[in-house]
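Residue numbers (the working numbering): 7 to 94.
Have a look at the structure below, then the notes.
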């Protein structure tokens, strides 16, 4: 595994784990907004909910894109190694 592929894998992993955590926080905020005690802060909760959803979508796109790039790089390396080992 090259340093570049390790970097892709690390970025993808961190982004996808971050997206999972951020979406969990957004669901928590959505749940909190259902309680009457939180009504005075409802606008703030809704704003934070949409911020967390936006950050989660960005993290998901970055992680997914990086994972796709990593898979394509691994396929290209495998094809290059396979063509070098073919008999002449």
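Cβ atoms here follow ideal geometry from the backbone N, Cα and C, with glycine treated the same way.
Here residue 32 is not near residue 53, since their CB atoms are 8 Å or more apart. Counted as a single uninterrupted DSSP element, the alpha helix (DSSP H) harbouring residue 13 occupies residues 9 to 38. When the beta-carbon positions are compared, residue 58 and residue 35 come within less than 8 Å of each other.
Residue 73 is not a Cβ neighbour of residue 24, given a cutoff of 8 Å.
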